[in-house]
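Just so you know, the protein sequences line up as chains A and B, in that order.
Yeah, the first sequence ends on 280 if you go by our numbering, and it's all consecutive.
Yeah, the second sequence ends on 299 if you go by our numbering, and it's all consecutive.
For every residue, glycine included, the Cβ atom is placed at its ideal position computed from N, Cα and C.
The model shown is predicted, which means the values in this text are computed figures rather than measured ones.
Structure first, commentary second.
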Amino acid sequence: MVSGQSLRRRWLSRAGFYGLALLFMLPTVFVFYWMITLSLKPQVEATAYPPSFVRFSITTAGYREVFTKYPFFLYTWNSLVVATGCTLLGLAVGLPAAYSIAHWRQQRLAVIILVARIIPGIAYLIPWYIFFRHLRMVDTYGALILTHLIVGLPIIIWVMISFFEDVPADLEDAGLIDGCSHFGVFWRIALPLVKPGVVATGILSFVFSWNNFLFSVILAGRSTRTLPIAVYNMISYEEINWGTLAAAATLITLPVLVVALLAQRHIVTGLTFGAVKQ
Amino acid sequence: MLVATIIVYPIVYTGWMSLHEWFASSLTGPRFIGLANYAKIVVGDARFREAVVRTIYFTIVAVAAETVLGVAMALLFNREFWGRGLLRTLAILPMVATPTAIALVFVMMYHPTLGVANYLVTVAGLSPFRWTYSSQTALYALALVDVWQWTPLIMLIALAGLASLPREPYEAAHLDGATPLQSFWHITLPLLRPTLVVAILFRSIDALKTFDIIFVMTQGGPANASETINILLFNQAFSYFNMGYAASMAVALFALVMGASLILIKVRRSAAW
């Protein structure tokens, strides 16, 4: 029999738990909340002090300005092209690489991939910049896609190695006996089995490319500028509307958030480079 | 093989470049000067040394705060409760959000007179800060953004670690009359250590390399107060086009990150008893 007092204590501890939980998660929610509400506020209210948290008038002026005053459609298109290109190329190169590392246990290659995770991106940027300038490829999609590979590719390979290792060797042997080539085994047997991994790493690679700032700020020019660079350039203009800035920030962030939510389970695996098996 | 080429070749080139003096803006080619660039960064360049100290300090402050908060949250959330899925969703959002955009939002929140951060600070009864606008607080304000973005990662890793802990030691400790604090200190923490070291390793690697938020929010200022190696080296390479010198800094930064990783890996090994 549960006494009234212990019931009350349980209720209190549960209330305390949710109170603490709320306290911990509040900053996370607040920053996004603030970004979105700022983007909807008219300029006077966006910079009002004290700021208004709940009651404010809503306007789409910020969003309209983003698209009318700046070529935001072009930037979005650029970001899409680069992120998609980088992801497809990354999968095309990374999946066979991961398969061969897993299948023939090429530990040394695996270590190289791990080192790529440690090397500062800027150490890549210097040779690339010299190289692409030499080829007159600065400000082309090609240069951006190739450089963004360095953020996406190691994650694709590293995470996919563990996926491919889980493919039963018997199945592959059966394929070989039935007359499949190694590529055939990879394509018809292994690949369909690791489809979830492909989707997850593809999404991660897309997100990383979409978010990339360092490589694009140097290698993107007027016609290939991606969203993070466009937004960064907006800050340097004096006296820009906060509403407009927040609208731009929201527009960049929202697609990644939506995409990430679809693949939440695998995001952590990728972010921790597979240190935690989910 | 192709993959190895993409990854290895640029690095070798950077290493080779670091032995040269070359301004990419000039017409003359690179001139081989041996280790002179390294001698310069180690002995001659006080600004670089400050940047090294700053980078390490930033990393320690940010990662320490993330670890303490992340573990605390993991302990709190390590149970069945309504809204667990929602929690994970919320935890993932800051990590995937575009850093440039987040930095932009924080720039507006940190505004000394109009920003919401100072409003909240005042409501809490403190005097307002100047955040990224003062050389005394800039580095901490930037570390706070990093903490906001990456504490959830430590929490998620720690949660996964907690879930794999055995139950028996706790039952034994309970029978022996240990307090929850004691069992946390003597059981949870030692058992969790390998997992935590991995989490700290990943965070340290990335924190040492932090670029986006610092570049967008302060550009290393005010008065170099937040100039980390990455920022200094970026400016050397792409404002002054001093490629050889920048390359030697890149190698130094790589050595630093590598060193930190090796130390942490060693800690992990020694913890695996």
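Query - Under 8 Å (Cβ pairs) to chain A, residues found in the stretch 266-299 of chain B - result: Met269, Ala272, Ala273, Ala276, Val277, Leu279, Phe280, Val283, Met284 and Ser287
Requested in this report: Note down, in chain order, every chain A residue with its Cβ under 8 Å from the Cβ of B/Phe237.
Outcome: As a first step, residue 237 of chain B must be located in the second sequence, where it is residue number 211. Those are Gly123, Ile124, Phe215 and Leu216, listed as they occur along chain A.
Query raised in the report: Since B/His46 sits in a beta bridge, which residues does DSSP pair it with?
Result: As a working note, residue 46 of chain B is residue 20 in the second sequence. B/His46 pairs with B/Phe58.
Report task. Determine the burial state of A/Arg227: buried for a count of at least 16 other Cβ atoms within 10 Å of its Cβ, exposed for fewer. Result -> Against the first sequence, residue 227 of chain A aligns to sequence position 225. Under this definition A/Arg227 is a buried residue.
Query raised in the report: Would A/Leu196 pass as a contact of B/Trp174 if the rule is Cβ separation under 8 Å?
Result: Counting from one through the first sequence, the residue named residue 196 of chain A turns up at place 194. Counting from one through the second sequence, the residue named residue 174 of chain B turns up at place 148. First, the residue type needs correcting, since residue 196 of chain A is Val and not Leu in the sequence shown. It is not a contact, given that the beta carbons lie outside the stated cut-off.
Query - Cβ pair B/Trp48, B/Pro36 closer than 8 Å - result: Within the second sequence, numbered from 1, the residue matching residue 48 of chain B stands at position 22. Within the second sequence, numbered from 1, the residue matching residue 36 of chain B stands at position 10. The answer is no: Cβ separation not under 8 Å.
**Report entry** Sub-8 Å separation of A/Leu40 and A/Gly245 beta-carbons
**Finding:** Numbered from 1 along the first sequence, position 38 holds the residue referred to as residue 40 of chain A. Numbered from 1 along the first sequence, position 243 holds the residue referred to as residue 245 of chain A. Yes, they are a contact pair.
Report task. For my contact list, A/Tyr234 and B/Val242 are in at a C-beta cut-off of 8 Å; report their separation, rounded to the angstrom. Result -> As a first step, residue 234 of chain A must be located in the first sequence, where it is residue number 232. As a first step, residue 242 of chain B must be located in the second sequence, where it is residue number 216. Correct: roughly 6 Å between the Cβ atoms.
Query raised in the report: In terms of alpha-carbon separation, which member of B/Pro195, B/Pro248 and B/Ser44 lies closest to B/Tyr64?
Result: Position 38 of the second sequence, counted from the start, is the residue given in the question as residue 64 of chain B. Among B/Pro195, B/Pro248 and B/Ser44, the Cα nearest to that of B/Tyr64 is on B/Ser44.
Query raised in the report: Could you give the distance in angstroms between the alpha-carbon of A/Arg16 and the alpha-carbon of A/Arg10?
Result: Against the first sequence, residue 16 of chain A aligns to sequence position 14. Against the first sequence, residue 10 of chain A aligns to sequence position 8. Using only the alpha carbons, I get a separation of about 10 Å.
Query raised in the report: On the three-state DSSP scale, how would you describe B/Asn261?
Result: Here residue 261 of chain B is taken as the residue at index 235 of the second sequence, counted from 1. Reduced to three states, the DSSP call for B/Asn261 is helix.
Query raised in the report: Mind checking whether B/Leu282 and B/Leu227 have CB atoms under 8 Å apart?
Result: As a working mapping, residue 282 of chain B is identified with position 256 in the second sequence. As a working mapping, residue 227 of chain B is identified with position 201 in the second sequence. The answer is no: Cβ separation not under 8 Å.
Query raised in the report: How is B/Asn268 classed by DSSP in three states: helix, strand or coil?
Result: Walking along the second sequence from the start, residue 268 of chain B turns up at place 242. B/Asn268 falls in the strand class under three-state DSSP.
Query raised in the report: Does the Cβ-Cβ distance between B/Val224 and A/Ile114 come in under 8 Å?
Result: Locating residue 224 of chain B in the second sequence gives position 198, counting from the first residue. Locating residue 114 of chain A in the first sequence gives position 112, counting from the first residue. No; because the gap between Cβ atoms is not below 8 Å, this pair is not in contact.
Query - 3-residue-minimum beta strand (DSSP E) runs that sit fully inside the stretch 206-233 of chain A, ordered along the chain - result: none
Query raised in the report: So does the stretch 199-216 of chain A actually touch the stretch 47-61 of chain A, counting three or more Cβ pairs closer than 8 Å?
Result: no
Query raised in the report: Listing by chain order, which chain D residues have their CB less than 7 Å from the CB of A/Thr49?
Result: This model lacks chain D altogether, as its protein chains are A and B.
Query - A/Gln109 to B/Leu146 span [Cα, whole Å] - result: The count along the first sequence starts at 1 and reaches residue 109 of chain A at position 107. The count along the second sequence starts at 1 and reaches residue 146 of chain B at position 120. So the two alpha carbons sit approximately 52 Å from each other.
Query raised in the report: Mind pulling the chain A residues with CB within less than 7 Å of B/Pro120?
Result: To locate residue 120 of chain B, count along the second sequence from 1; it is residue 94. The contacting residues are Thr30.
Requested in this report: Measuring alpha carbon to alpha carbon, tell me which of B/Ser274, B/Gly96 and B/Glu253 ends up nearest B/Ala186.
Outcome: Taking the second sequence and counting its residues from 1, one reaches residue 186 of chain B at position 160. Among B/Ser274, B/Gly96 and B/Glu253, the Cα nearest to that of B/Ala186 belongs to B/Gly96.
Query raised in the report: For a contact meaning CB atoms closer than 9 Å, what does B/Ile37 contact in chain A?
Result: Sequence index remark: in the second sequence, residue 37 of chain B carries index 11 (1-based). Per Cβ cutoff of 9 Å: Val117, Ala118, Ile121, Ala125, Tyr126 and Pro129.
Query - Residue nearest to B/Glu76 in terms of C-alpha spacing, selected from B/Leu290, B/Ala263 and B/Glu253 - result: Here residue 76 of chain B corresponds to residue number 50 of the second sequence, with the count starting at 1. Cα-wise, what sits closest to B/Glu76 is B/Glu253.
Query raised in the report: Buried or exposed: where does B/Arg229 fall if 16 or more other Cβ atoms within 10 Å of its Cβ makes it buried?
Result: Locating residue 229 of chain B in the second sequence gives position 203, counting from the first residue. It is buried - the Cβ of B/Arg229 has at least 16 other Cβ atoms within 10 Å.
Report task. For B/Ile239, name the three-state secondary structure that DSSP assigns. Result -> Position 213 of the second sequence holds residue 239 of chain B. B/Ile239: helix per DSSP, three-state reduction.
Query raised in the report: Between the stretch 79-95 of chain A and the stretch 200-220 of chain A, are three or more C-beta pairs nearer than 8 Å?
Result: yes
Requested in this report: Keeping to the same chain, check which residues put their C-beta closer than 8 Å to that of B/Ala169; ignore five residues upstream and five downstream.
Outcome: Along the second sequence, one-based indexing puts residue 169 of chain B at 143. Answer for B/Ala169: Phe84, Val87, Ala88 and Ala91, listed in chain order.
Report task. Leaving out five residues on either side along the sequence, give the residues of the same chain with a beta carbon under 7 Å from the beta carbon of B/Ser287. Result -> Taking the first residue of the second sequence as 1, we reach residue 287 of chain B at position 261. Around B/Ser287: Leu227 and Ile231.
Query raised in the report: Comparing alpha-carbon positions, which option in A/Val153, A/Phe185, A/Leu193 and A/Ile231 lies nearest A/Pro170?
Result: Reading the first sequence from its first residue, position 168 is the one you call residue 170 of chain A. Here the closest residue by C-alpha is A/Leu193.
Query - A/Val153 versus B/Pro206: straight-line alpha-carbon distance, rounded - result: Counted from its first residue, the first sequence places residue 153 of chain A at position 151. Counted from its first residue, the second sequence places residue 206 of chain B at position 180. Answer to the nearest angstrom: the Cα atoms are 43 Å apart.
Query raised in the report: Do A/Ala265 and B/Thr40 come within 8 Å of each other at the CB atom, strictly closer than that value?
Result: For the purposes of this step, residue 40 of chain B is identified with residue 14 of the second sequence, where counting begins at 1. For the purposes of this step, residue 265 of chain A is identified with residue 263 of the first sequence, where counting begins at 1. In this structure, A/Ala265 does not lie closer than 8 Å to B/Thr40 by Cβ.
Requested in this report: Measuring only between beta-carbons, confirm whether A/Met139 sits less than 8 Å from chain B.
Outcome: By one-based count along the first sequence, residue 139 of chain A stands at place 137. No, A/Met139 lies away from the interface with chain B (no Cβ there is under 8 Å from its Cβ).
Query raised in the report: When you compare each of A/Leu148, A/Lys43, A/Ser102 and A/Pro129 to A/Gly87 by their alpha carbons, which one comes out closest?
Result: On the first sequence, position 85 is the one that residue 87 of chain A refers to. With distances taken between Cα atoms, A/Gly87 lies closest to A/Leu148.
Query raised in the report: When the cut-off is 8 Å and only beta carbons count, does B/Phe155 lie next to chain A?
Result: Indexing the second sequence from 1 puts residue 155 of chain B at position 129. No, B/Phe155 does not count as interfacial toward chain A.
Query raised in the report: Cβ of A/Tyr143 within 8 Å of Cβ of A/Val84?
Result: Position 141 of the first sequence, counted from the first residue, corresponds to residue 143 of chain A. Position 82 of the first sequence, counted from the first residue, corresponds to residue 84 of chain A. Yes, the Cβ-Cβ distance between A/Tyr143 and A/Val84 is below 8 Å.
Requested in this report: Could you tell me if A/Glu174 is buried or exposed, where buried requires 16 or more neighbouring beta carbons within 10 angstroms of its beta carbon?
Outcome: Translated into positions along the first sequence, residue 174 of chain A becomes position 172. So A/Glu174 ends up on the buried side.
Query raised in the report: Enumerated in chain order, which unbroken segments of the alpha helix (DSSP H) with a length of 4 residues or greater are wholly contained in the stretch 175-261 of chain B?
Result: 194-201, 206-209, 215-234 and 238-243
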